Each structure stands twice: as C-alpha cells, then as structure tokens.
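Colleague: The structure that follows is given in the form of structure tokens.
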Amino acid sequence: GDAAQALARVEGSDLRLITEPHLRRALEAAGEDGDIRGWEMLAANFAHEGVADDDDSGSDRLAPELVEAGLWGSLVEAYRKDPTNMRVSAFLAERLVRYGMSEGAPTLLAGALGAEPNAGFVGEACSIVLEGMAMDADVGDFEAVRRTFKAAAPILAAADRPEIARAGVELVSARVRHFMATIEARAGNLAAARPLFLATAKVSQSVSAWARLARVDRQMGDSAAALESIRQARKAQDARIALGDLCEANLIAFELHRDANQEVEAKAALGQALTAAVALQKQRGDTGARARAETLLGRVYDAYGETKAAQQAHERALSVSASDRDVLGATVLQTVARALVRRDLDGARAALKQGLEADIDQEDRIYAGLWLQLLERQTQKPTDELITRALT
Numbered sequence: 151g152d153a154a155q156a157l158a159r160v161e162g163s164d165l166r167l168i169t170e171p172h173l174r175r176a177l178e179a180a181g182e183d184g185d186i187r188g189w190e191m192l193a194a195n196f197a198h199e200g201v202a203d204d205d206d207s208g209s210d211r212l213a214p215e216l217v218e219a220g221l222w223g224s225l226v227e228a229y230r231k232d233p234t235n236m237r238v239s240a241f242l243a244e245r246l247v248r249y250g251m252s253e254g255a256p257t258l259l260a261g262a263l264g265a266e267p268n269a270g271f272v273g274e275a276c277s278i279v280l281e282g283m284a285m286d287a288d289v290g291d292f293e294a295v296r297r298t299f300k301a302a303a304p305i306l307a308a309a310d311r312p313e314i315a316r317a318g319v320e321l322v323s324a325r326v327r328h329f330m331a332t333i334e335a336r337a338g339n340l341a342a343a344r345p346l347f348l349a350t351a352k353v354s355q356s357v358s359a360w361a362r363l364a365r366v367d368r369q370m371g372d373s374a375a376a377l378e379s380i381r382q383a384r385k386a387q388d389a390r391i392a393l394g395d396l397c398e399a400n401l402i403a404f405e406l407h408r409d410a411n412q413e414v415e416a417k418a419a420l421g422q423a424l425t426a427a428v429a430l431q432k433q434r435g436d437t438g439a440r441a442r443a444e445t446l447l448g449r450v451y452d453a454y455g456e457t458k459a460a461q462q463a464h465e466r467a468l469s470v471s472a473s474d475r476d477v478l479g480a481t482v483l484q485t486v487a488r489a490l491v492r493r494d495l496d497g498a499r500a501a502l503k504q505g506l507e508a509d510i511d512q513e514d515r516i517y518a519g520l521w522l523q524l525l526e527r528q529t530q531k532p533t534d535e536l537i538t539r540a541l542t
C-alpha cells in the first residue's frame, strides 16, 4: 500500500530502465494523492502493462509476475480505500476467480451493491459469480460451488428487483441458478434443484426449461406437477421452433399418462410427439438437429411398438452423425442405452464399434462400454474386445 516507496525502489534499481513513463506517473499519483483515484489509475496501468502488443514483443518489459503483483496490490489498496466502488470491486473479484478464490468474489461484489443497485453492475456481478462457479465445477469442487452460490444471494436478490430484471439482468441471474440446479440434480439433490429449475423456467419461458422441470418433478414422484410443467412447455414462446424439446416434453407426458393407465391422454401425447419429431426431421437442419430428429423418431416408434421402424431411425441417426464426432458420441450413447433396455446385444456392439472407429470422446466411450458390459452380463454372453478398447 506504499506507492511512494515502490516508486523509490524502481528509481533506485535497473527497473527504471524498463518502466514506462505512464506507469511511473501513476505511481507518483498514488503516492501523492493517497485516494482511490490514484490507485485505480495505477491498477489500470498495470493491467495495460500486462497486455503484450505484437509490436512490443521484442522490447524490454516488466516481468509478468511483477506486473501481476503490482496489479493485485493496487487493486487491494483501491478496494481498501472504497469497498463500495463498483469498478474496483468487479475487477478485484475477477482476479479472485482467476486465482482460484471464487468463494470470496460474491462478498466483494455484494458490498458494492448499495441501496439502489446499478443494473449493469448486477449483471456483471452475476457473470463473475457464474465464471467462478464454473471454474470450481471444472475441478470437481462442488462444495465450493455451493458456497459461492450461497454467498451470491444478495446479488441474485438484487437481480430479482423488478427495475433491474426489466433491464435484462434476469437472463444472466437465471443462468447462475440453472448452473447450480444442474449441479444439484447431478448430485441427486432434487429438492434443492427443483426451485432453481422453476425459477429458470419462469424467466426463460422455453420448452426446454419446462421439460427439464417436468423430468425433475417426475423423478420426485409428483406426476401432477410434471404434467403441469408439460402444459407450460406446450404453450412456451418457442414451442413452434423448439420441436425437439417439444417432442421430448410430449414423450414425458405420454409415459406419465401410460403409467397412470390413462390411455386416451397417452395416445394424444404420443401423437403430438410424433408430429413434432416428423416436423423436425423435415427441417433438415445441421448434423446435430438431424441426428436428434431421427433419435426422437426412434423413441416415438418404440412407444408405438414399431420396433423395426425404430431400429431404422436409430441407424439413420448413426449415419447422419458420422460426420461430427461430438454428435456421434451422443448418438452412440443413446443407441447403446436403447439396446440395453431391449437387450439388443448386436445393436449395442455395432453402435459402439462405430464410435470407437470415429474416436468419440473418452467419457462417451467409457459409458457406452460399461453399458455394453452390463448387457453382456445380462445376456450371459462372452465379453467382446470392444469393451476393452472402450475402457482403455
């Protein structure tokens, strides 16, 4: 926090030879004024110093670690001068996330909200929180994700204020809640995930969001709530274009009505699913959309008991996916999953073989291999070398 002493050390060493004049002036200002403006200017200069220009690539520059240390120190001092400064709080919070200290970011950001939060700052704060949660999730520290989300409660509350939500911030805060909901759902914490998925659906008003909520409701054993979510999905604002999501929503409704022995309603839902799947197939979109259309058609045909037509649809999906490794991985998983349910060993092996030959993603390969291994045990068949390749 002593800019004057830092400047004295620069002037008394060889660093003076490579220190830019604007950085020297910023050190002087921070040392003389001692207020937040001087430290802000110093932080901005260090940030600029850290951005290497192609034109300057051959010139002498301060060592990156010195620049980073200077940036950090000037930001911390600026924050000490005024913890409510939005620019400084956001910049410092971003550095915390970058340094792997995401849990501290929401506290800094919340402290700068004030009595009348600025919509732009709230949106930026939500984005920083989301980035921190994503970084912790990437390394598998889900407890840290939960703590960061909990600490962000004041920020999300500000985002929910009508005047701020109307400024478009609700879309960013919805992504934060959706991310946390996904983490909880994967962990099996459906009671924690559901209200977050519901909040997301109310904001996005999309078929996919309501269908996702319906799946959670169904897993929790609440068929009535699941069907209400499907009803919302059918009248969502993107229902005419999100045909794949609409098909999946109607398939969920079909299964719910079928399980409740509601034959008329089940037949109607399945008919709607078929209509959506056929319409999606006719659109002839990109590889992912075309493969999804065929896979969904296969599921609908299976529901009708048209096994041969379903098998042909899944074969078309694999054929369409061949040109896209990522799409093929997802299609192989769905095909092997279907084969596991139907005890179709040959179909599972053929799909996995195609995936291995195309070098699909390791995670997709392992899951498909494990499902094939389970199917072989169920059918009491000898282990195929495909499993060894998939799990290696």
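Residues are numbered in this note's numbering as their position in the sequence shown, beginning at 1, plus a constant of 150.
We put the beta carbon where it would ideally sit given N, CA and C, even for glycine.
Quick caveat, the model's predicted, so the values are computed rather than measured.
What does the alpha-carbon distance come out to for the pair S354 and P214?
Modeller: Taking the straight line from one Cα to the other gives about 42 Å.
Colleague: Mapping DSSP to helix, strand and coil, what is V289?
Modeller: Reduced to three states, the DSSP call for V289 is coil.
Colleague: Report the CB separation of F404 from A423 in whole angstroms; it is logged as a contact under 8 Å.
Modeller: Yes, they are in contact, since the Cβ atoms of F404 and A423 sit about 6 Å apart, within 8 Å.
Colleague: Please report the distance separating the alpha-carbon of S277 from that of F329.
Modeller: Going by the C-alpha atoms only, they are around 12 Å apart.
Colleague: Can you give me the C-alpha to C-alpha distance between D494 and M236, rounded to a whole angstrom?
Modeller: About 60 Å.
Colleague: Leaving aside the five residues before and after A94 along the sequence, list all residues of the same chain whose C-beta is less than 6 Å from its C-beta, in chain order.
Modeller: Nothing can be reported for residue 94, as the shown portion of the chain is limited to 151 through 542.
Colleague: Using CA atoms only, rank isn't needed, just tell me which of Y451, D367, A498 is closest to A460.
Modeller: Measuring from the Cα of A460, the nearest candidate turns out to be Y451.
Colleague: So, at 6 Å on beta carbons, what are the nonlocal neighbours of P345 in its own chain, with the 5 sequence-adjacent residues on each side left out?
Modeller: None.
Colleague: For G251, name the three-state secondary structure that DSSP assigns.
Modeller: For the sequence presented, residue 251 should be read as Met rather than Gly. DSSP places M251 in coil when its eight states are reduced to three.
Colleague: How big is the Cα-Cα spacing for G208 and A275?
Modeller: Bear in mind that the predicted position of G208 carries a pLDDT of just 45, short of 50, making it too unreliable to give a figure here.
Colleague: So V543 and Q504 are supposed to be a Cβ contact under 8 Å. How far apart are they, rounded?
Modeller: The requested residue 543 is not part of the displayed model; the chain covers only 151 to 542.
Colleague: How would you write the range of the alpha helix (DSSP H) that T437 sits in, first residue to last?
Modeller: Where T437 is concerned, the enclosing alpha helix (DSSP H) stretches over 437–454.
Colleague: For N400, does the count of other Cβ atoms within 10 angstroms reach 16, so buried, or fall short, so exposed?
Modeller: With 16 or more Cβ atoms within 10 Å of its Cβ, N400 is classed as buried.
Colleague: Helix, strand or coil for I510? Go by DSSP, reduced to three states.
Modeller: Reduced to three states, the DSSP call for I510 is coil.
Colleague: One question on the structure: do A342 and E334 come within less than 8 Å of each other, judged by their Cβ atoms?
Modeller: Yes, they are a contact pair.
Colleague: On a Cα-Cα basis, can you pick out the residue from A453, R499, L242, R230 that is closest to A197?
Modeller: The option with the nearest alpha carbon to A197 is L242.
Colleague: Is DSSP giving R297 helix, strand or coil here?
Modeller: Helix.
Colleague: Nearest by alpha-carbon distance to T437: which of A453, T457, Q412, A480 is it?
Modeller: Nearest C-alpha to T437: A480.
Colleague: Cα separation between R245 and M251?
Modeller: If I take the Cα positions, the gap works out to 8 Å.
Colleague: Output the distance between the C-alpha atoms of T298 and I305, rounded to the nearest integer angstrom.
Modeller: Straight-line Cα distance between these residues: approximately 11 Å.
Colleague: Give every residue of the same chain whose Cβ lies closer than 8 Å to the Cβ of E544, excluding the five residues on either side of it in the sequence, and list them in chain order.
Modeller: Limits of the chain in this structure are 151 at one end and 542 at the other, which puts residue 544 out of reach.
Colleague: Between L541 and T485, what straight-line distance do the alpha-carbon atoms span, to the nearest angstrom?
Modeller: Each residue's Cα considered, the two are about 18 Å apart.
Colleague: Could you tell me whether the Cβ atoms of A453 and I402 are closer together than 8 Å?
Modeller: No, Cβ-Cβ distance for A453 and I402 is not below 8 Å.
Colleague: Starting from M330 and walking both ways along the alpha helix (DSSP H), at which residues does that stretch end?
Modeller: Unbroken alpha helix (DSSP H) run through M330: 320–336.
Colleague: What's the C-alpha gap between M370 and N339?
Modeller: Their Cα atoms are separated by approximately 10 Å.
Colleague: Given L165, which residues of its chain have a CB within under 6 Å of its CB, disregarding the five upstream and five downstream residues?
Modeller: Annotation note: pLDDT 49 at L165 (below 50); position unreliable, coordinate value reported separately. Nothing meets the Cβ criterion.
Colleague: Hey, how far is the Cα of R390 from the Cα of T533?
Modeller: About 46 Å.
Colleague: N268: which of P312, K352, D514 sits nearest, CA to CA?
Modeller: Looking at the Cα atoms, P312 is the closest of the given residues.
Colleague: Mapping the DSSP letters down to three states, classify L263 as helix, strand or coil.
Modeller: Three-state DSSP puts L263 in coil, outside helix and strand.
Colleague: Looking at the secondary structure, which residues open and close the alpha helix (DSSP H) in which N400 lies?
Modeller: Looking at the DSSP string, the run of the alpha helix (DSSP H) that includes N400 is 393–409.
Colleague: Using three-state DSSP, classify D372 as helix, strand or coil.
Modeller: Coil at D372, not helix or strand.
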